[in-house]
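Have a look at the structure below, then the notes.
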Amino acid sequence: MLAAASRTRLTTFDLLDEAGCEDWVLRTLLLRRHWRSRHAAAPFFTLGLAAYLDCGAGRVYHDLALRSQNNRMLESHFGPLLQALATLLGDYFGAPAGMTDGAAWPGFHIYLPHPAFSLPVASVHRDLQYRDVFPGQGFAEDDMFSFTLPLSTPEGSGLNIWSDGAVAAAPDFHPYRSGQLVVHSGLATHQAVLRCDGYLERITLQGHGLRLGQRILLYW
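For the sequence shown, the residue numbers in our numbering are 1214 to 1433.
What follows is the structure, given as structure tokens:
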């Protein structure tokens, strides 16, 4: 089983310094031709396929050629960052961690400043994407987690978590800091706090992990 910290509380790791974050943010911004628009009116994009958005109508997530193209693009431009992520998570959970061609690789949420993002507009949810990405396979709750690496972080940006699932109660708020990897179970009810309504874009590397056999697979 994965470490208890992944399912009972949020855990953080310092992965990048300020200069490293700036380098990866610049790389992300320069790849705008690869961004996928995710909202008709607000400037919300992803760089990469995401199961929670792409497993529905059209099922582009399961287009093998498109997914392979997506993964090769991420590998070409972000290989060192993804490898550093996999190494850290593998060391923490005590098993080799890496990406798989059977799923989309971890990618990026991109929010450009907009007045709507000052409001609690992000969905309140649990990360159940594994049901669509790995259909028919059973996983223990202990063997799954989600992660976020903030790269460009407006003041007040972070994550709300309702550890007991009672959304009528006030959530625990965890502020983000650029370069600090955040790991949590993904199965506790949670919500992104955007606060992207000033001058700074909000860019995060996103994904999930699960144990399959003796390996930990990272995907989005």
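The beta-carbon is built from N, C-alpha and C at its ideal position, and this holds for glycine as well.
Straight-line CA distance for residue i to residue j?
i            : j            : result
residue 1292 : residue 1375 : 33 Å
residue 1408 : residue 1416 : 12 Å
residue 1252 : residue 1265 : 14 Å
residue 1297 : residue 1229 : 9 Å
residue 1312 : residue 1224 : 21 Å
residue 1227 : residue 1390 : 9 Å
residue 1351 : residue 1272 : 22 Å
residue 1274 : residue 1426 : 23 Å
residue 1377 : residue 1338 : 13 Å
residue 1301 : residue 1360 : 12 Å
residue 1294 : residue 1306 : 18 Å
residue 1249 : residue 1420 : 16 Å
residue 1267 : residue 1316 : 12 Å
residue 1246 : residue 1240 : 12 Å
residue 1278 : residue 1235 : 31 Å
For the beta strand (DSSP E) containing residue i, list its first residue and its last residue.
i            : result
residue 1432 : 1428–1432
residue 1241 : Here residue 1241 belongs to no beta strand (DSSP E); instead the alpha helix (DSSP H) covers 1231–1243.
residue 1424 : 1415–1425
residue 1273 : Careful: residue 1273 lies outside any beta strand (DSSP E) and carries neither H nor E.
residue 1388 : 1385–1388
residue 1352 : It is not in any beta strand (DSSP E) - residue 1352 carries neither H nor E in the DSSP assignment.
residue 1227 : 1224–1227
Mind checking residue i: buried by the 16 CB within 10 Å criterion, or exposed?
i            : result
residue 1314 : exposed
residue 1328 : exposed
residue 1403 : buried
residue 1412 : exposed
residue 1346 : buried
residue 1281 : exposed
residue 1220 : The predicted model places residue 1220 with a pLDDT of 43, which falls under 50 and marks its position as unreliable; any figure quoted below should be read in that light. So residue 1220 counts as buried.
residue 1365 : buried
residue 1380 : exposed
residue 1386 : exposed
residue 1319 : buried
residue 1398 : buried
residue 1362 : buried
residue 1263 : buried
residue 1383 : exposed
residue 1310 : buried
residue 1243 : exposed
Is residue i close to chain E, meaning its C-beta is less than 7 Å from at least one C-beta of that chain?
i            : result
residue 1348 : Among the chains in the structure shown there is no chain E, since it carries only a single protein chain.
Just to confirm the assignment, what range does the alpha helix (DSSP H) spanning residue i have?
i            : result
residue 1267 : 1264–1267
residue 1377 : Element bounds for residue 1377: n/a, residue is neither H nor E.
residue 1345 : 1343–1346
So residue i and residue j are in contact, right, with Cβ under 8 Å, and what is the actual spacing, rounded?
i            : j            : result
residue 1431 : residue 1299 : 6 Å
residue 1321 : residue 1400 : Not really, about 23 Å apart at Cβ, beyond 8 Å.
residue 1231 : residue 1323 : That pair is no contact at about 19 Å.
residue 1369 : residue 1406 : 7 Å
What residue ranges within the stretch 1304–1341 form continuous beta strand (DSSP E) runs of no fewer than 3 residues, ordered along the chain? 1310–1312, 1320–1324
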